[in-house]
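Residue numbers (UniProt numbering): 1 to 567.
Beta carbons: idealized from backbone N, C-alpha and C, even for Gly.
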Ligand SMILES: Nc1ncnc2c1ncn2[C@@H]1O[C@H](COP(=O)(O)OP(=O)(O)OP(=O)(O)O)[C@@H](O)[C@H]1O
Ligand SMILES: [Mn+2]
């Protein structure tokens, strides 16, 4: 009887425990469901704030409807007239493809949504933490007075609107100040309606970026258009994808509904796979994460000479195969033995079935670099680097045979005048830090003559190895012993624990949408940056011991800035 009572009591106790647990679990699920609903509703990317260096940070999120689900197979071209009436802060594109891969599309959209949610969480976490990057960018060395710009210091200028003479003005119907300078109503082919005027609020961010290019830099770090542009490249609907000719490896040009365009490089190998030591540098695959990291490094160094780059997850089916009008490209799609959608395109190197670019099963990581203004508007000059490498496996380049090579270079125009040599050394420093041996050429905007900054294009072969450094990249600095004072001071700043290059790079890269998939640079690559920075500073130190003119003083009259670093 006693035993039975005990059993009954135990039974009742267990049942009420189960009931409590069930209730708890129900409440928890309800809470989670409500929470998810809330997060998904508010999971828009944050609009950029002009005061913050963070690409996606800002005060309050803005949500908007995604663009229409209409697809077009027409190829964009630069002669088409522009679009987009308002600057939009787009949320991750949410179009639904009515075609067969609809279910896979839904999966991809979920991945994208997850990233958006994760990013929002990251942003809110970062607000509370001390930001080394913000500290760095608020330092006087990153806020130096900008040179007074003359009219011919701008790359592009808007044509002045025709001035009407006073009398005829009175006779005519006055024009609205809002009248568009560029108008299209080509919505039916997928492009936004264009209603742009000379007023910046009406222009899409990529146009404002182009209009902001000057003789001295590609963009102003504090210009909110830059963050808006990268955000749009990462999220906006893609209307066209075609192969880009030129260069050796596969690249695509993608066009967006607001007439913006990007140069796309796909992920071809694991982010952490180090380049085989037996490969010549020119045999290495390009890396999408190197293009992204190079943009961030150039910005952290205070150069602003790399077109803004951002990462994105693409759907190989709907965002490349289905929309391309490029016959050469479309012929090369195939499904791999494990069911991944692959393609290889047509180009000089690695465009073969043995070297495919593959989605998983169709999600592909890519880098998108903002396109520079069309060559017809802003022609560029291509310069051979005096320190270019030999493509031969046996021959040495001239600079490898002659220890006094720089003496000649210093006497040869354009290196004998202006800032060309120190600009070149800046590029050498960037390349040594990221171990880029592929700088055989560089470009400048023709209209600025010799007196301008150097574009640091094509960084796909950087960040290939973290375990070894490549001393030959630093040879121009060692041979010429010349460096800008402002560059040297920023390098010193970045070697201090308070800022530390690896820390600010980690933080800067965390702003990229792909960083939530996996860090864009692994820790060994980040530590390599600190190690290489120490090597550069040591090389400069050696120069300072032997040369009085090692430092090119670009801070004359700015002693207060110089003094803040010396202390
Ligand atoms: N952001 C950009 N906007 C416009 N043009 C660009 C941009 N980036 C690169 N280009 C142009 O495209 C050409 C090819 O690009 P890139 O050098 O990246 O390709 P690549 O295949 O790596 O070339 P290579 O094999 O010569 O190293 C460049 O020489 C440059 O003139
Ligand atoms: Mn290249």
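The shortest CA-to-CA distance from residue 475 to any of 263, 485, 404 is the one to 404. The stretch 211-220 makes no contact with the stretch 241-254: fewer than 3 CB pairs, one atom from each, lie closer than 8 Å.
Residues of the same chain with their beta carbon placed closer than 6 Å to that of residue 144 are lacking, with the five preceding and five following residues left out of the count. Counted as a single uninterrupted DSSP element, the alpha helix (DSSP H) harbouring residue 540 occupies residues 523-546. Residue state for residue 351 is assigned as coil, using DSSP reduced to three classes. Annotation for residue 205: 87, 225, 228, 229, 232 place their beta carbon closer than 7 Å to its own, counting only its chain and skipping 5 residues before and after.
Residue pairing by DSSP places residue 151 in no beta bridge whatsoever. The DSSP-derived three-state label of residue 285 is coil. The continuous alpha helix (DSSP H) containing residue 424 extends over residues 420-434. Excluding five sequence positions before and after residue 147, the CB atoms of its chain that fall closer than 7 Å to its own CB belong to 216, given in chain order. If you check the CB distance, residue 343 and residue 366 do not come in under 8 Å. At a threshold of 7 Å, residue 369 counts as near ligand 1, since its beta carbon sits closer than that to one of the ligand's heavy atoms. The alpha-carbon of residue 460 is positioned some 31 Å away from that of residue 542.
Per DSSP, the continuous beta strand (DSSP E) segment holding residue 444 begins and ends at 441-445. At the C-beta level, residue 335 and residue 329 stay beyond 8 Å of one another. Short of 7 Å from the beta carbon of residue 532, and not among the five residues preceding or following it, lie these beta carbons of its own chain, in chain order: 432, 433, 469.
Taking the Cβ atoms as the reference, residue 384 lies roughly 13 Å from residue 444, outside the contact range of under 8 Å. With fewer than 16 other CB atoms across the displayed protein chains lying within 10 angstroms of its CB, residue 401 is exposed. Per the DSSP secondary-structure output, residue 261 pairs in a beta bridge with 255.
Per the Cβ contact rule, the stretch 495-502 is not in contact with the stretch 306-326 (fewer than 3 Cβ pairs under 8 Å).
Counting along the chain, the unbroken beta strand (DSSP E) around residue 367 starts and ends at 363-370. Rounded to whole angstroms, the gap between the alpha carbons of residue 346 and residue 332 is 8 Å. Here residue 390 has 397 as same chain residues with Cβ atoms under 6 Å from its own Cβ, once five neighbours each way along the sequence are excluded. Take residue 426, set aside five residues on each side of it, and the residues of its chain with a beta-carbon closer than 7 Å to its own are 303, 484, 487, in chain order.
Judged by DSSP secondary structure, residue 226 falls within the alpha helix (DSSP H) whose first and last residues are 224-235.
Residue side-chain check: residue 263 places its Cβ nearer than 7 Å to a non-hydrogen atom of ligand 1. Scanning 130, 478, 369 for the CA closest to the CA of residue 263 turns up 369. Here residue 394 is not bridged, per DSSP, to any residue. One alpha carbon belongs to residue 276, the other to residue 269, and they sit about 12 Å apart. The C-beta separation of residue 412 from residue 349 comes to about 32 Å, leaving the pair out of contact by the 8 Å criterion. Around residue 507, the same chain offers 131, 132, 133 as residues with beta carbons nearer than 7 Å, after the five sequence neighbours per side are excluded.
Put simply, of 494, 558, 559 the residue whose alpha carbon is nearest the alpha carbon of residue 527 is 494. Taken through DSSP and simplified to helix, strand or coil, residue 408 comes out as helix.
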